[in-house]
Amino acid sequence: AAYLARSLPAERLNVAMGAYVAATVVGGLMGRLIGGFIHPPLHWRYAFVSVSVLIAAATLAALFWLPREQRESPESGQVLGFRGLLSRADLLRIYSVAFCAFFVFSALFNYLPFYLAGPPFDFSTNQVTLMYLTYLIGVVIAPLSGRLSNRLGNGATLAIGAAVFAAALGATTLASAWAVGIGLGGVCAGFFAIHAAAVGSMNRRLQSSRGRANSLYILFYYIGGAAGITVSGYAWQRCGWAGVSGLGLLLLAVIFAAGIVEARRPPRPG
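Numbering (my numbering), first residue to last: 2 to 271.
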């Protein structure tokens, strides 16, 4: 993301970040499918080895195919350290969006197999794995959300994404496989719209220090994911899927509020 932000003009940034997020969707889907279809007939270690080979191939491709980028110069804008970035309220708002969005998303998809394996669904491992094909919606939604951000603004896209995510999360609580499948599609649409808009907004706010800013975004993103899996585990034990989805709705309200604030204070490079 930092590489794209430094390589492209601001007017192309939202769409480019949408395409970047779409690529992460494909990677996430491949990980789920490899783990789901290799694990049942073989040992789970085969899935890890397969993914490791793909990661190594992607690393080599990046090293040899991506053009070398120039170092940031102080003239391009004020160079901020991590402390300086964390002192900016506008960036902290984006980081909170990253934390909350992946908190809900990771919790949802990590407890989904337990939810679908029990009554009234009683899905097999392969049937649960196929439900992850809803990830493919993100391949379409992420680039579209970049264009939507250009038209409506990043804040409006964040708010719309949070609303879609929340409505879809509610649909998954219905005792219908069709409702759950459609709900998961909406969850992916809302999540990847939020992710693309947040990354685009953050990078449009900065003229320099984008590498550090993006690393902090990823840090908050994955801390949110780890926290989501852990905290939602207690919700699952106490209240089942209703607890997981209810906790998710609370955090989506934070994202919706952040989107409203973002809409009133659009990005200005600084």
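Virtual Cβ for every residue (Gly too), placed ideally from N, Cα, C.
Pro114 carries a helical assignment under DSSP once its states are collapsed to helix, strand and coil.
Exclusion of the five residues before and after Ser233 leaves Ala108, Tyr112, Val245 and Leu248 as the residues of its chain whose Cβ lies within less than 7 Å of its Cβ.
Spanning the alpha carbons of Thr126 and Ala118 requires a straight line of approximately 8 Å. Under the three-state reduction of DSSP, Gln208 is assigned to coil, being neither helix nor strand. Within the model, the alpha-carbon separation for Leu134 versus Gly156 is close to 28 Å.
In this structure, Gly187 sits away from Phe103, with a CB-CB distance that is not shorter than 8 Å. It is roughly 27 Å from the alpha-carbon of Ala48 to the alpha-carbon of Ser216.
Judged by DSSP secondary structure, Gly147 falls within the alpha helix (DSSP H) whose first and last residues are Leu137 to Leu153. Cys240 sits exposed, since fewer than 16 C-beta atoms from the chains shown fall within 10 Å of its C-beta.
When Ile95, Leu170, Val26 and Tyr116 are compared, the shortest CA-CA separation from Gln238 is found for Tyr116. In the structure shown, Thr173 falls within a coil segment according to DSSP collapsed to helix, strand and coil. In the structure shown, Leu81 adopts coil according to DSSP, grouped into three states. Straight through space, the alpha carbons of Ala243 and Ile95 are spaced by roughly 28 Å. DSSP places Ser88 outside both helix and strand once states are collapsed to three, so it counts as coil.
For the pair Leu61 and Leu67, the Cα-to-Cα distance works out to about 10 Å.
For Thr158, the number of other beta carbons within 10 angstroms of its own is at least 16, and it is reported as buried.
In the assembly as shown, Val54 is an exposed residue. Its beta-carbon has fewer than 16 other beta-carbons within 10 Å. Leu92 is positioned such that its CB atom lies no closer than 8 Å to that of Met132. Listed in chain order, the non-local C-beta contacts of Phe122 below 7 Å within the same chain comprise Ala178, local neighbours out to five positions each way being set aside.
Minimum Cα-Cα distance from Leu252 among the listed residues Ile35, Phe124 and Ser97 corresponds to Ser97. In this structure, Phe257 lies near Ala164, with their beta-carbon atoms less than 8 Å apart.
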